[in-house]
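Structure first, commentary second.
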Amino acid sequence: MTRELWNTVDSYICDALNACDDVLDLAQREAADAGLPNISVSANQGKLLNLIARMMNARNILEIGTLGGFSAIWMARALPPGGRLISLEIEQQCADVARKNIERAGLSKLVDIRVAPAIETLPKLVKEVEAPFDLVFIDADKKSIPEYFEWALKMSRVGTMIVVDNVVRGGTVIDPDSDDPGVHGIRRVNELIAREPRVSATAIQTVGSKGYDGLLFALVVA
Ligand code: DHB
Ligand code: MG
Numbered sequence: 001m002t003r004e005l006w007n008t009v010d011s012y013i014c015d016a017l018n019a020c021d022d023v024l025d026l027a028q029r030e031a032a033d034a035g036l037p038n039i040s041v042s043a044n045q046g047k048l049l050n051l052i053a054r055m056m057n058a059r060n061i062l063e064i065g066t067l068g069g070f071s072a073i074w075m076a077r078a079l080p081p082g083g084r085l086i087s088l089e090i091e092q093q094c095a096d097v098a099r100k101n102i103e104r105a106g107l108s109k110l111v112d113i114r115v116a117p118a119i120e121t122l123p124k125l126v127k128e129v130e131a132p133f134d135l136v137f138i139d140a141d142k143k144s145i146p147e148y149f150e151w152a153l154k155m156s157r158v159g160t161m162i163v164v165d166n167v168v169r170g171g172t173v174i175d176p177d178s179d180d181p182g183v184h185g186i187r188r189v190n191e192l193i194a195r196e197p198r199v200s201a202t203a204i205q206t207v208g209s210k211g212y213d214g215l216l217f218a219l220v221v222a
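Below you can see the structure in the form of structure tokens.
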């Protein structure tokens with residue numbers, strides 16, 4: 001089984017189940033042309049986020065890590081009129097690309113991008129938001145995932161789903177002696193979740209156009 005096969009199957013699924021369209025393709029091209037790294041979720045993963053948001057009737061979504069706005073478009077498409085997606089991004093250039101992509105997708109009214117380190121925005125957001133988030137997608141720097149998760153939990157309610165990207169990292173997650181700070185971020189969030197009675201979680205390994213990685217799903221249950 002090769003990376004090439006994973007790519008081909010991902011394309012097949014994308015075509016077969018309609019997870020692609022021109023607005024999304026153009027969003028990816030604009031991000032690439034602007035020099036953004038090719039590390040967004042795949043189209044099929046984006047559609048999964050969209051389905052989760054719809055399944056939950058999500059009205060308020062928080063994203064940590066906007067990049068070029070690809071996952072934001074997928075999630076914002078699930079929002080009803082008057083819904084809101086707040087997306088936190090550290091890089092001005094990413095936010096600029098994302099805003100353009102979101103504008104082209106006709107979603108600007110629903111998406112609010114905040115440009116600053118998320119670790120600075122999150123404490124402000126806790127004071128500002130009136131309703132808890134229904135869905136949170138954590139997809140920023142991996143070493144800070146536990147901190148992002150704790151803030152997300154503060155802005156959650158029973159029934160909130162917190163999704164974390166990149167929790168397998170090619171399998172390196174199993175190495176407690178890894179020199180990758182991202183691996184320790186993932187291992188720490190798993191430990192945090194294990195001793196946190198308010199959440200019930202699992203993680204699913206994935207292969208596809210983004211290589212071998214995984215998604216964590218944590219449901220707030222109390
Ligand atoms: C990286 C970050 C991501 O969010 C991702 O999905 C893949 C890779 C990275 O920083 O390398
Ligand atoms: Mg990611």
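The C-terminal position of the sequence shown is numbered 222 in the working numbering, with every residue numbered one higher than the one before it.
Ideal Cβ positions, reconstructed from N, Cα and C, are used throughout, including at glycine.
On a predicted model such as this, the values are computed, not experimentally measured, just so you know.
For M55, the enclosing alpha helix (DSSP H) begins and ends at 43–55. Annotation for R104: the continuous alpha helix (DSSP H) segment containing it runs 92–104. Ranked by Cα distance from R99, the first of A201, E30, N18 is E30. Not one heavy atom of ligand 2 is found less than 7 Å from the C-beta of I73. Taking I138 as reference, the option from V164, G170, G159, I52 with the minimal CA-CA separation is V164. Within the model, the alpha-carbon separation for L216 versus A140 is close to 14 Å. In the structure shown, the three-state DSSP call for D33 is helix. Relative to ligand 2, the nearest heavy atom lies less than 7 Å away from the CB of D139. By the neighbour-count criterion, in which a residue is buried when 16 or more other Cβ atoms sit within 10 angstroms of its Cβ, D213 is buried.
Non-local beta-carbon contacts of V129 in its own chain, meaning distances under 7 Å to residues more than five positions away in sequence, involve M155 in chain order.
Annotation for M75: the continuous alpha helix (DSSP H) segment containing it runs 70–76.
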